[in-house]
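Trainee:
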Amino acid sequence: MTTFDQIAPQLEGQAIELPSWAFGNSGTRFKVFGTPGTPRSVEEKIADAATVHRFTGLAPKVALHIPWDKVDDYAALRSYAGEQGVELGTINSNTFQDDDYKFGALTHIDAKVRQKAIDHHFECIDVMAATGSRDLKIWLAEGSNYPGQADLRGRQDRLHDSLSTIYERLLTIGEEQRLVLEYKFFEPAFYHTDVPDWGTSYAQVSALGDRAAVCLDTGHHAPGTNIEFIVMQLLRLGKLGSFDFNSRFYADDDLIVGSADPFQLFRIMFEVIRGGGYGPANESGHSEVAFMLDQCHNVEDKIPGQIRSVLNVQEMTARALLVDRDALTVAQAAGDVLGAHEVFMDAFQTDVRPDLAAWREGRGLPASPMKAYAESGYQQQIEESRVGGTQLSWT
Ligand code: PSV
Ligand code: MN
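For our numbering, count along the sequence shown from 1 and bump the result up by 10.
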């Protein structure tokens, strides 16, 4: 049996990146509900993200989405984040909310529209240079709704050309910057999507070079997909760049990670650990795989929603670390089907919450970050002070 004390050192330095948009209002195409205390500025979003980090010690970075988080002075925003105790992380581009992109952006048949989308990515790269961000994350809402509507092959070729131009520019701003390409099997397009699966993302990023990798959003697969298999394969190929963690029951629900299927999160973390994707940072201070959340809190309070999320990731990481890998290897080699399964399930069924509470206290963190946040008065304070102005949303 592996014990908590044996795995505890590996919990040090776990870092989960928070999405700035999780602190703004969000909803469905039917309704976006406002919540008292919602940020009216990027700075207020960063202050809320820093609050999650203060209570958990797990979330030292905030990812930005451009233009949602556009400001005049990114160097000043970087300093502000530093004063709050966090860093600015992944820069997400956005080519899905502009009329020109109705029929595509990086794949559009019209070179002028493609150039506009490329220029947007150049702007994101300039932002990265000012914020010190490592990753440019690209998700494309491109595809078609009806068979025959689009030239599937032509779009794939144009995507390659556009991504190559962006990638070449990215290489000019530093040694460590990376392009990560996110896939999603449908939505907003319903017949075909230009980057629908990990294989297409892998083919596109492999054609770019070493500093391009795949982003795996856990909500972007057909129901029943074995996501941990994809994790294993991408790590095996050296192309797992980042995660967008969330949970789903039906489609891209963007619910709290680990809430719909904690066992799936455990299985994913097990493959991440076994594949070498989890661990101490390299010499530039980064672990290779970026663990980001991509969630929306439509009906629950956003800050405790994010606290719950990072705690869920930490709990499933601890349980996955508890798998007795030696015993598992022996059972697998012996063809002991049920023995191997039992080793795996023993770790999953272990309640690590009391050990984690004690571990946190030993590091000057609250034993229960959820309770400590609820008692801190921060929620009341933002609800009372953030009156007037326009609450930020995903538009
Ligand atoms: C698309 O559904 C996505 O997962 C991408 O990561 C976007 O950038 C993000 O959601 C925005 O909500
Ligand atoms: Mn995503």
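Positions of the beta carbon are idealized from the N, C-alpha and C atoms, including for glycine. Values in this document were obtained by computation on a predicted structure and should not be read as measured data.
In angstroms, rounded to a whole number, what distance separates the CA positions of Phe197 and Leu303?
Mentor: Sequence check: residue 197 is Glu here, not Phe. Whole-angstrom Cα-Cα distance: 19 Å.
Trainee: Within 10 Å of its beta-carbon, does Tyr288 have 16 or more other beta-carbons around it, so buried, or fewer, so exposed?
Mentor: By the neighbour-count rule (16 or more Cβ atoms within 10 Å), Tyr288 is buried.
Trainee: What does Ile101 pair with, by DSSP beta-bridge criteria?
Mentor: Leu74, Leu146
Trainee: Between the segment 98-105 and the segment 139-149, are three or more C-beta pairs nearer than 8 Å?
Mentor: yes
Trainee: Any contact of the segment 56-64 with the segment 132-142, i.e. 3+ C-beta pairs under 8 Å?
Mentor: no
Trainee: At a cut-off of 7 Å, is Val152 close to the ligand PSV when judged by its beta-carbon and the heavy atoms of the ligand?
Mentor: Per the sequence presented here, residue 152 reads as Glu, with Val not at that position. No.
Trainee: On the DSSP bridge list, what partners appear for Leu7?
Mentor: Because residue 7 is not part of the residues shown, which for the chain are 11 to 405, the question remains open.
Trainee: Does the distance from the C-beta atom of Tyr201 to that of Tyr260 stay below 8 Å?
Mentor: No. Outside cutoff.
Trainee: For a minimum of 3 consecutive residues, which ranges assigned as the beta strand (DSSP E) are wholly contained in the segment 217-268?
Mentor: 222-227, 250-255
Trainee: Which of the three DSSP states, helix, strand or coil, is assigned to Asn322?
Mentor: helix
Trainee: Hey, could you find the ends of the alpha helix (DSSP H) Arg188 is sitting in?
Mentor: Here Arg188 belongs to no alpha helix (DSSP H); instead the beta strand (DSSP E) covers 188-192.
Trainee: When we look at the beta-carbon of Ala343 and count the other beta-carbons within 10 Å, is it buried (16 or more) or exposed?
Mentor: exposed
Trainee: In angstroms, rounded to a whole number, what distance separates the CA positions of Gln16 and Glu371?
Mentor: 18 Å
Trainee: So which residues put a beta carbon under 6 Å from any heavy atom of the ligand MN, going in chain order?
Mentor: Trp149, Glu192, Asp227, Asp254, Asp304
Trainee: What number of angstroms, rounded off, separates the C-alpha of His307 from the C-alpha of Ala270?
Mentor: Between His307 and Ala270, the C-alpha separation is close to 14 Å.
Trainee: Any heavy atom of the ligand PSV closer than 7 Å to the Cβ of Asp145?
Mentor: no
Trainee: Say yes only if the C-beta of Phe65 is nearer than 7 Å to one or more non-hydrogen atoms of the ligand ZN, and no if none qualify.
Mentor: Only the ligand PSV and the ligand MN can be found as ligands here, which leaves the ligand ZN out of the picture.
Trainee: Below 8 Å between beta carbons: does that hold for Leu331 and Gln24?
Mentor: no
Trainee: Going by the beta-carbon positions, is the gap between Leu189 and Ile176 smaller than 8 Å?
Mentor: yes
Trainee: Can you tell me whether Met326 is buried or exposed? The criterion is at least 16 other CB atoms within 10 Å of its CB, across all chains shown.
Mentor: buried
Trainee: Skipping 5 residues on each side, what residues in its chain have a beta carbon closer than 6 Å to that of Glu238?
Mentor: Arg277, Ile278, Glu281
Trainee: Could you check the C-alpha separation between Asp356 and Asp220 for me, to the nearest Å?
Mentor: 38 Å
Trainee: Can Pro79 and Ala300 be called in contact, C-beta distance under 8 Å?
Mentor: What sits at residue 79 in the sequence shown is Asp, not Pro. Not in contact: Asp79 and Ala300 (Cβ atoms no closer than 8 Å).
Trainee: Mind checking whether the beta-carbon of Trp31 lies closer than 7 Å to any heavy atom of the ligand PSV?
Mentor: Flag set: Cβ of Trp31 near the ligand PSV.
Trainee: Counting pairs of beta carbons, one from the segment 308-320 and one from the segment 30-49, are three or more of them closer than 8 Å?
Mentor: Touching, per the Cβ criterion.
Trainee: Comparing C-alpha positions only, which one of Asp346, His75, Ala57, Ala367 sits nearest to Ala18?
Mentor: Ala367
Trainee: Per DSSP, what kind of secondary structure is Leu116 in: helix, strand or coil?
Mentor: coil
Trainee: State yes or no: is the C-beta of Asp263 within less than 8 Å of the C-beta of Thr228?
Mentor: no
Trainee: Tell me whether the beta-carbon of Arg396 lies closer than 8 Å to the beta-carbon of Arg50.
Mentor: Cβ atoms of Arg396 and Arg50: closer than 8 Å.
Trainee: Residues in its own chain within less than 7 Å of Thr210 by CB, not counting five upstream and five downstream?
Mentor: Tyr193
Trainee: Check this for me: beta carbons of Val333 and Gly268, under 8 Å apart or not?
Mentor: no
Trainee: Can you tell me the Cβ-Cβ gap for Ala69 and Leu98, rounded? I've got them flagged as a contact below 8 Å.
Mentor: Contact flag wrong, Cβ pair sits at about 13 Å.
Trainee: Expressed to the nearest angstrom, what Euclidean distance is found between the alpha-carbon atoms of Ile240 and Pro206?
Mentor: Straight-line spacing of the CA atoms in Ile240 and Pro206 works out to 14 Å.
Trainee: When you compare the CB positions of Leu413 and Gln305, do they come within less than 8 Å of one another, or not?
Mentor: The first residue shown for the chain is 11 and the last is 405, placing residue 413 beyond what the model contains.
Trainee: Quick one, are the C-beta atoms of Ala337 and Val347 less than 8 Å apart?
Mentor: no
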